[in-house]
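First up is the structure itself, then whatever we jot down about it.
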Amino acid sequence: MFRIELASSANLNEWQDFVDSQPQAHALHHSGWFHVLRESSAVKPRFLIARSEDGAIAGVMPAYLSRSAISGAHVTTFDAGILAAHPAAGAKLVEHAQERLAADRARYFLLRGAPHDGRDPPGGNGEYVISVIDTKQTSDALWQQIKKKTRWYIRQGEKQRFSIRVDSDLAGIDAFYALYAAHVHRLGTPVMDRRMMQAMARYLGPHRLRLLLVERSGDIVGGMMIVVANRGFLDLYALIHHDFRDTAAGYLLYWKALELASREGAAELNLGRSSAGSGTHQFKMKWGGRDEPLIYRCYAAAGDAGADALEKYRRKGTLIQGMWKRLPLWAANRIGPVLRRQLPFG
35 MFRIELASSA NLNEWQDFVD SQPQAHALHH SGWFHVLRES SAVKPRFLIA
85 RSEDGAIAGV MPAYLSRSAI SGAHVTTFDA GILAAHPAAG AKLVEHAQER
135 LAADRARYFL LRGAPHDGRD PPGGNGEYVI SVIDTKQTSD ALWQQIKKKT
185 RWYIRQGEKQ RFSIRVDSDL AGIDAFYALY AAHVHRLGTP VMDRRMMQAM
235 ARYLGPHRLR LLLVERSGDI VGGMMIVVAN RGFLDLYALI HHDFRDTAAG
285 YLLYWKALEL ASREGAAELN LGRSSAGSGT HQFKMKWGGR DEPLIYRCYA
335 AAGDAGADAL EKYRRKGTLI QGMWKRLPLW AANRIGPVLR RQLPFG
């Protein structure tokens, strides 16, 4: 039997101790995300803990309650889903999240990163995949597993006078944010508030974050923010300035990230989710990794067509994306953080 409780600031250290004890812990399971959400967004953290009969933590589920006008009131996990030492603890967390929907006045609970248990196709729902590279090997072995053409692009990046620097004290995070804001605007996505990245630096810190900066002639022109956990490295955000999109800077950036993961002994470099078959997905597959399905499972509140609400949200999101690209950057940077406060992770 497992008892479920809502996490608070008082037991987050215990939460983190559990995460650090689990080999499969994901970068999005860290307790620091509780404070990141609370300080930089308008959502309410719903971090759930499953305790065994002896009081020890047996599972955790980082999630949040959003009242977005775009997606409707809902509770969602991060893409990492649940971290549980026992499958029964994970099942109890899902059951409790469903039972809380009425009290939270939420229409549905979205479990991202749900385990494959036979209810879904082996490849997931087909919409998103996660690209993962095994980095528990030498950089020489990593170099040999990538295609010859990709190695050529990496060398070109060096010849084009790009360099990659690990910003160990995160001093360049504001410069990285400015590039990120312009990048997501071109993609048609509202940008998060600057305070979210600043909160990440504060509550995850240099111990759990790696900021790689792409530089040319002394200017920062791109970068990658990585979150570190037992399972390995997670590429949370990566970009190259639009003016350098036709260069090989991106290849050099990803190679240096692989080298860093190998050097620090990370088991894997998770390149994050992408739409299956998209250009981004195809680029990620150039690095000799594998695809893992990202399963989204939607649980509707009693008497509510929550899954229908989710589908309407996705259609609405496509329309908003097209309109957003047409906004001037200054307007997008002012309006975007307001919208993203209820959708911090999309």
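Here this note's numbering is used: the first residue of the sequence shown is 35, the next is one more, and so on.
For every residue, glycine included, the Cβ atom is placed at its ideal position computed from N, Cα and C.
Only a predicted model underlies this, so the values are computations on that prediction, with no experimental measurement involved.
(1) Just to confirm the assignment, what range does the beta strand (DSSP E) spanning THR110 have?
(2) Using a Cβ distance threshold of 8 Å, determine whether the segment 288-295 contacts the segment 105-122, with at least three qualifying pairs required.
(3) CB-CB under 8 Å to SER173, same chain, minus the five flanking residues each way: which ones, in chain order?
(4) Ends of the alpha helix (DSSP H) at ASP54?
(5) Do you know how far the Cα of ILE38 is from the Cα of SER75?
(6) Can you grab the Cα-Cα spacing for the pair PHE36 / LYS126, in whole Å?
(7) Whole angstroms are fine: how far does the CA of LEU287 sit from the CA of ARG195?
(8) Please go through the same chain and pick out, in chain order, the residues whose beta-carbon is closer than 6 Å to the beta-carbon of PHE267, but skip the five residues on each side of it.
(9) Taking the C-alpha atoms as reference points, what is the distance between GLU249 and ALA212?
(10) Leaving out five residues on either side along the sequence, give the residues of the same chain with a beta carbon under 7 Å from the beta carbon of ASP168.
(11) Comparing alpha-carbon positions, which option in MET319, ALA90, THR111 lies nearest HIS63?
(12) Taking 8 Å as the threshold (C-beta atoms), are HIS275 and VAL255 in contact?
(13) Within the chosen definition, does the segment 90-100 reach the segment 114-121 through at least 3 CB pairs nearer than 8 Å?
(14) With a Cβ-Cβ cutoff of 8 Å, do LEU176 and ILE207 count as a contact?
(15) Exposed or buried, which one is GLY115 when buried takes at least 16 other CB atoms within 10 Å?
(16) To the nearest angstrom, report how far apart PHE52 and PHE317 are at their CA atoms.
(17) Since SER309 and TYR187 are thought to touch, with beta carbons under 8 Å apart, how far apart are those beta carbons, to the nearest angstrom?
(18) So ALA334 is in the beta strand (DSSP E); what residue range does that whole segment cover?
(19) Alpha carbon to alpha carbon, how far is ARG134 from PRO79?
(20) Determine the closest residue to TYR330 out of TRP321, ILE180, LEU144, with distance taken between C-alpha atoms.
(21) Give the DSSP-derived three-state secondary structure of MET226 in the structure shown.
(22) Does DSSP put GLU302 in a helix, a strand or coil?
(23) Going by other Cβ atoms of all chains shown within 10 Å of its Cβ, with 16 needed for buried, is ALA215 buried or exposed?
(24) Measuring straight from C-alpha to C-alpha, what distance separates LEU82 and SER197?
(25) Closest to LEU270 by CA distance: which of ASP253, LEU305, GLN232, ASN264 is it?
(26) Which same chain residues end up closer than 7 Å to GLN56 when comparing Cβ atoms and leaving out the 5 residues on each side of it in sequence?
(27) Taking the alpha carbon of LYS193 as the point to measure from, which residue in ASP113, SER251, LEU40 has its own alpha carbon closest?
(28) For a test of the three-state rule: what should DSSP assign to ILE116, helix, strand or coil?
Concretely, from the data shown:
(1) 106-111
(2) The segment 288-295 is not in contact with the segment 105-122.
(3) Cβ-Cβ distances below 8 Å link SER173 to LEU292, GLU293, SER296, ARG297 in the same chain, with the five nearest sequence neighbours on each side left out; the list follows chain order.
(4) 46-55
(5) SER75 and ILE38: Cα-Cα distance of roughly 25 Å.
(6) 7 Å
(7) 13 Å
(8) ILE260, ALA295, ALA300, LEU303
(9) Rounded to the nearest whole angstrom, the CA to CA distance from GLU249 to ALA212 is 15 Å.
(10) GLU302
(11) THR111
(12) Result yes, Cβ atoms of VAL255 and HIS275 sit closer than 8 Å.
(13) yes
(14) no
(15) buried
(16) 35 Å
(17) Actually they do not touch by this definition, with Cβ atoms about 23 Å apart.
(18) 330-334
(19) 13 Å
(20) For TYR330, the nearest C-alpha among the options comes from LEU144.
(21) coil
(22) strand
(23) Looking at its Cβ environment, which holds 16 or more other Cβ atoms inside 10 Å, ALA215 is buried.
(24) Each residue's Cα considered, the two are about 42 Å apart.
(25) LEU305
(26) Result list for GLN56: LEU117, ALA119, ASN264, in chain order.
(27) Ranking ASP113, SER251, LEU40 by Cα distance to LYS193 puts SER251 first.
(28) coil
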